[in-house]
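One line per chain: the protein sequences are A and B, in this order. Be aware that the first sequence starts at 1, since it is given in my numbering, and climbs by one per residue. Be aware that the second sequence starts at 344, since it is given in my numbering, and climbs by one per residue.
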Amino acid sequence: MTIVSIKAFRALLALALVGSSLTAVSAQTATTRIVSAANTFLSTLDAAQRQKVLYAFNDEKQRATWSNLPTSFVPRGGLSLKEMNAAQRTAAMALVSSALSPRGYEKVQQIMEGDQVLKTKEGNNPIFGKDLFYISILGKPSEKDPWMLQFGGHHLALNITIDGVRGVLTPTLTGAQPALFTLDGKTVRPLGQESDKALALLNALDDAEKKQAILSYKLADLVLGPGQDGKTIVPEGLKASAMTAPQRAMLLDLISEWADIIHQSAAEARMAELKADIVETWFAWSGPTTATPGNSITAYYRIQGPHLVIEYAPQTLGGDPAMHVHTMYRDPTNDYGRSPTAK
Amino acid sequence: MSKTLAIVAVIVALLVGPASAHRVDEYLQAALISLDTDKDHVEVFLRLTPGIAVSSIVLASIDTDGDGVISDAEKRAYAERVLADLSLSVNGQRLTPKLVSVDFPQVEEMKEGLGEIQIAFNAALPSGGSNRTLVFENHHRSRIAAYLVNCLTPRDRNIRVLAQNRNEDQSFYQLYYVQADALSPPLYLKWWSGLRGWNGWAAGAAFSLFAALLLLFRQSLLTRFRGA
């Protein structure tokens with residue numbers, strides 16, 4: 001080996017070391033921030049409240065206690081925002097925010113606002129509203145050992161596992177009803193991008209690709225919703241290996257609507273994993289292929305890869321399916337961060 | 344949905360209030376088929392969720408003595424009735440399903456349109472070739488049903504699903520699969536290559552050509568190293 005090539009090798013090694021340590025520092029910063037926010041939140045609680053919030057890390061019952069349904073139908077563990085004073089609420093939401101990206105946190109807030117709109121629309125129905133979202137912590141907030149943050153209520157279930165530098169968001173359920181509303185004079189569509197980007201991808205397919213992607217049967221609901229942890233079904237639709245590079249980029253951009261809910265460094269690691277899997281990822285569509293301008297689609301779609309299941313399922317309950325949607329985001333190989341090597 | 348049922352659905356929906364959170368006038372019936380729970384059997388997991396507007400009709404057919412309690416005998420009898428409304432066949436041979444487990448929610452949950460009945464059953468697979476066509480049909484409460492049916496991804500690498508067909512409402516499901524451990528080499532190659540349109544001879548010839556090319560490549564590498 002020549003002197004030049006030895007020098008080049010050393011330079012590359014140094015760059016790689018700097019790169020990896022920068023990544024570690026960035027991820028460590030995120031974990032440090034989340035742990036700090038968790039401890040701040042816990043410090044605002046009295047003993048009885050703290051007892052309600054904290055669970056053992058291996059509490060499988062609590063881990064699986066999440067749903068799309070209102071909390072009066074499926075009671076959640078933990079402490080609700082309703083049971084907190086203003087300072088405690090602020091600390092709870094700061095904890096949730098610390099674990100998410102800015103857009104992810106905005107989405108969560110919009111889902112909660114949507115439930116408040118539903119409450120008003122349903123004659124101040126006490127089963128809905130942004131007070132009825134629960135927070136719980138499984139394990140002890142730590143920068144080294146694994147622990148979990150759960151936050152959810154009607155149409156929301158965030159299951160966030162923190163394990164050192166790793167952050168895992170699966171399984172997570174998002175939903176919206178109404179899927180379009182006005183708040184402070186602004187139109188809000190909590191899951192609007194999930195609808196618009198999927199329709200744009202469908203429209204970017206040629207006729208033969210569309211024929212492959214569009215399923216010939218109806219889908220009334222999520223297939224792998226609450227209670228279906230760790231399961232995978234045989235994929236269907238159009239495989240991304242048959243897509244063009246721009247179509248694959250659109251598919252990845254659509255996937256990022258879920259993957260990017262978590263904080264930046266965890267989202268980047270997850271997107272890198274999903275990008276590596278992209279040719280093994282499938283896109284399937286069932287239902288109408290158009291949408292009323294400004295409204296969401298009324299079709300079901302599913303994205304499925306070796307480490308991914310995403311489902312988008314409009315609901316007929318309550319009238320217009322464009323106004324009521326459930327979505328599911330899973331990594332069947334790593335739900336609740338159980339795989340020690342996954343991103 | 345019949346006119347009467349539609350009227351019942353509207354009335355119930357108005358009476359119960361928060362209809363927007365419930366499944367309303369459908370009886371969701373989701374089936375997951377497992378091919379590799381046990382190699383000699385196929386297992387089916389059913390989740391049945393009657394919507395709030397149809398729960399009273401479904402409940403009446405379960406709680407046959409009308410005492411407001413679902414006894415073990417009533418649970419089993421209902422599960423057997425569900426099984427009688429299903430059909431499962433492999434390569435045209437009808438299978439006999441046997442109940443594995445039955446789990447019922449509380450009556451109150453069912454009345455709210457939230458309760459999920461879970462029924463697991465299995466059926467012995469007939470012995471035969473490696474290429475199999477499984478047909479699953481569900482006609483239980485077809486007038487109010489919303490069917491879902493899927494096959495769980497086999498964990499056993501020797502089982503490979505080739506294709507699935509369904510009718511529009513998913514009451515009919517057809518699954519083509521192969522059990523690779525029973526395959527002959529040309530078909531095995533055909534399976535992995537994904538070139539399922541090839542006949543066995545063509546696949547065999549391709550396999551032989553590929554092996555010969557590998558051998559030639561190895562030989563040329565060895566020659567190069569010896570010459571260096």
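The beta carbon of each residue, even a glycine, is placed where N, CA and C say it ideally should be.
Would a C-beta distance cut-off of 8 Å place A:Ser286 and A:Leu215 closer than the cut-off? Sequence index remark: in the first sequence, residue 286 of chain A carries index 286 (1-based). Sequence index remark: in the first sequence, residue 215 of chain A carries index 215 (1-based). Contact: yes.
For the region 446 to 496 of chain B, list the alpha helix (DSSP H) runs that are entirely contained and at least 4 residues long, ordered along the chain. 450 to 454
Does DSSP put B:Trp535 in a helix, a strand or coil? In the second sequence, the residue the question calls residue 535 of chain B occupies position 192. Note on B:Trp535: pLDDT 33, under 50, position unreliable in the model; no value is reported.
Ignore the nearest five residues each way along the sequence and tell me which others in B:Arg484's own chain have a CB closer than 6 Å to its CB. Within the second sequence, residue 484 of chain B is the residue found at index 141, counting from 1. Here the set comprises Tyr370.
Beta carbon proximity, B:Val401 to chain A, threshold 8 Å: Within the second sequence, the letter at position 58 stands for residue 401 of chain B. With 8 Å as the cut-off, B:Val401 does not count as an interface residue toward chain A.
A:Gly129: buried (16+ other C-beta within 10 angstroms of its C-beta) or exposed? Walking along the first sequence from the start, residue 129 of chain A turns up at place 129. A:Gly129 is buried by the Cβ-count criterion.
Could you please tell me which residues of the region 233 to 263 of chain A, in chain order, have their CB closer than 9 Å to any CB of chain B? Of all residues in the region 233 to 263 of chain A, Ile233, Val234, Pro235, Glu236 have a Cβ within less than 9 Å of some Cβ in chain B.
CB contact check: A:Phe283 to chain B, cutoff 8 Å: As a first step, residue 283 of chain A must be located in the first sequence, where it is residue number 283. It does not; no Cβ of chain B falls within 8 Å.
B:Tyr490 versus B:Phe388 - alpha carbon distance: The residue given as residue 490 of chain B occupies position 147 in the second sequence. The residue given as residue 388 of chain B occupies position 45 in the second sequence. Rounded to the nearest angstrom, the two C-alpha atoms are 13 Å apart.
Cβ-based neighbour list, A:Gln49, same chain, cut-off 6 Å, excluding 5 preceding and 5 following: For the purposes of this step, residue 49 of chain A is taken as residue 49 along the first sequence, with counting starting at 1. The residues are Leu79.
So that I know if they touch, is there some Cβ in chain A lying closer than 8 Å to that of B:Glu480? As a first step, residue 480 of chain B is located in the second sequence; it is residue number 137 there, counting from the start. No, B:Glu480 does not count as interfacial toward chain A.
Does the region 507 to 523 of chain B touch the region 391 to 404 of chain B, meaning 3 or more C-beta pairs lie closer than 8 Å? no
A:Gln212 versus A:Gly237: straight-line alpha-carbon distance, rounded: Mapped onto the first sequence, residue 212 of chain A falls at position 212. Mapped onto the first sequence, residue 237 of chain A falls at position 237. Near 5 Å, if we compare the C-alpha coordinates of A:Gly237 and A:Gln212.
Span of the alpha helix (DSSP H), counted from its first residue to its last, around B:Ala416: Sequence index remark: in the second sequence, residue 416 of chain B carries index 73 (1-based). The continuous alpha helix (DSSP H) containing B:Ala416 extends over residues 415 to 427.
CB-CB length for B:Asn434 against B:Gly471, believed under 8 Å: Start at 1 with the first residue of the second sequence, and residue 434 of chain B comes out as number 91. Start at 1 with the first residue of the second sequence, and residue 471 of chain B comes out as number 128. About 6 Å separates the two Cβ atoms, so the contact holds.
What residues in the region 492 to 505 of chain B have a beta carbon less than 7 Å from any beta carbon of chain A? Asn493, Cys494, Leu495, Thr496, Val504
Contacts around B:Val385, its chain only, beta-carbon distance under 8 Å, and the 5 residues preceding and following it disregarded: The residue labelled residue 385 of chain B in the question sits at position 42 within the second sequence. Only Ile376, Ser377, Leu378, Leu431, Val433, Leu438, Asn465, Ala466, Leu468, Leu477 meet the Cβ criterion.
Taking the straight line between their C-alpha atoms, what separation do you get for B:Glu452 and B:Asn493? Within the second sequence, residue 452 of chain B is the residue found at index 109, counting from 1. Within the second sequence, residue 493 of chain B is the residue found at index 150, counting from 1. Each residue's Cα considered, the two are about 26 Å apart.
Cα-Cα, which of A:Tyr336, A:Ile160, A:Pro146 is closest to A:Ile262? As a position in the first sequence, residue 262 of chain A is number 262, starting the count at 1. The shortest C-alpha separation from A:Ile262 is found at A:Ile160.
Alpha carbon to alpha carbon, how far is B:Ser444 from B:Val450? Give it in angstroms, no decimals. Taking the second sequence and counting its residues from 1, one reaches residue 450 of chain B at position 107. Taking the second sequence and counting its residues from 1, one reaches residue 444 of chain B at position 101. So the two alpha carbons sit approximately 19 Å from each other.
Please list the partners that B:Arg484 has in chain A, where partner means a Cβ-to-Cβ separation under 8 Å. What you label residue 484 of chain B is simply residue 141 of the second sequence in a count that begins at 1. Residues of chain A passing the Cβ test: none, with the nearest at roughly 14 Å.
What is the rounded straight-line gap between the Cα of A:Arg89 and the Cα of A:Thr44? Walking along the first sequence from the start, residue 89 of chain A turns up at place 89. Walking along the first sequence from the start, residue 44 of chain A turns up at place 44. In a straight line, the C-alpha of A:Arg89 is about 9 Å away from that of A:Thr44.
Spatial neighbours of A:Ala94 in its chain, beta-carbon cut-off 8 Å, leaving aside the 5 residues before and after: Locating residue 94 of chain A in the first sequence gives position 94, counting from the first residue. Closer than 8 Å at the Cβ level, and outside the excluded window around A:Ala94, lie Ala37, Thr40, Phe41.
Mapping the DSSP letters down to three states, classify A:Asn203 as helix, strand or coil. Here residue 203 of chain A refers to the residue found at position 203 when the first sequence is read from its first residue. Helix.
Helix, strand or coil: how does DSSP classify A:Met93 here? By one-based count along the first sequence, residue 93 of chain A stands at place 93. Reduced to three states, the DSSP call for A:Met93 is helix.
Is the distance from the Cβ of A:Leu156 to the Cβ of A:Ile111 below 8 Å? Residue numbering aside, residue 156 of chain A sits at position 156 when the first sequence is read from its first letter. Residue numbering aside, residue 111 of chain A sits at position 111 when the first sequence is read from its first letter. For A:Leu156 and A:Ile111, yes; Cβs fall inside 8 Å.
Strand pairing of B:Glu386, partner residues [DSSP]: In the second sequence, counting from the first residue as 1, residue 386 of chain B sits at position 43. B:Glu386 pairs with B:Ser377, B:Asn465.
Between the region 53 to 73 of chain A and the region 138 to 152 of chain A, can you find at least three pairs of beta-carbon atoms closer than 8 Å? Yes, since at least three Cβ pairs between the region 138 to 152 of chain A and the region 53 to 73 of chain A fall closer than 8 Å, the two stretches touch.
At least one CB of chain A closer than 8 Å to the CB of B:Glu455: is that the case? Your numbering for residue 455 of chain B matches position 112 in the second sequence. At least one CB atom of chain A sits nearer than 8 Å to the CB of B:Glu455.
A:Tyr336, DSSP secondary structure in three states: Translated into the one-based positions of the first sequence, residue 336 of chain A becomes position 336. If DSSP states are grouped into helix, strand and coil, A:Tyr336 belongs with the helices.
Please check the pair A:Pro314 and A:Tyr300, which I expect to be a contact at CB under 8 Å, by giving their CB distance rounded to whole angstroms. For the purposes of this step, residue 314 of chain A is taken as residue 314 along the first sequence, with counting starting at 1. For the purposes of this step, residue 300 of chain A is taken as residue 300 along the first sequence, with counting starting at 1. For a cut-off of 8 Å, the C-beta gap from A:Pro314 to A:Tyr300 is around 7 Å, short enough to register as a contact.
For a contact meaning CB atoms closer than 9 Å, what does A:Val223 contact in chain B? Residue 223 of chain A sits at position 223 when you count from the first residue of the first sequence. Those are Ala373, Leu375, Leu491, Asn493, listed as they occur along chain B.
Distance between A:Lys218 and B:Leu512 (C-alpha atoms, nearest Å): Counting from 1 along the second sequence, the entry for residue 512 of chain B is found at position 169. Counting from 1 along the first sequence, the entry for residue 218 of chain A is found at position 218. Reading off the sequence shown, one finds Asp at residue 512 of chain B, where the question assumed Leu. For B:Asp512 and A:Lys218, the gap between their C-alpha atoms comes out near 6 Å.
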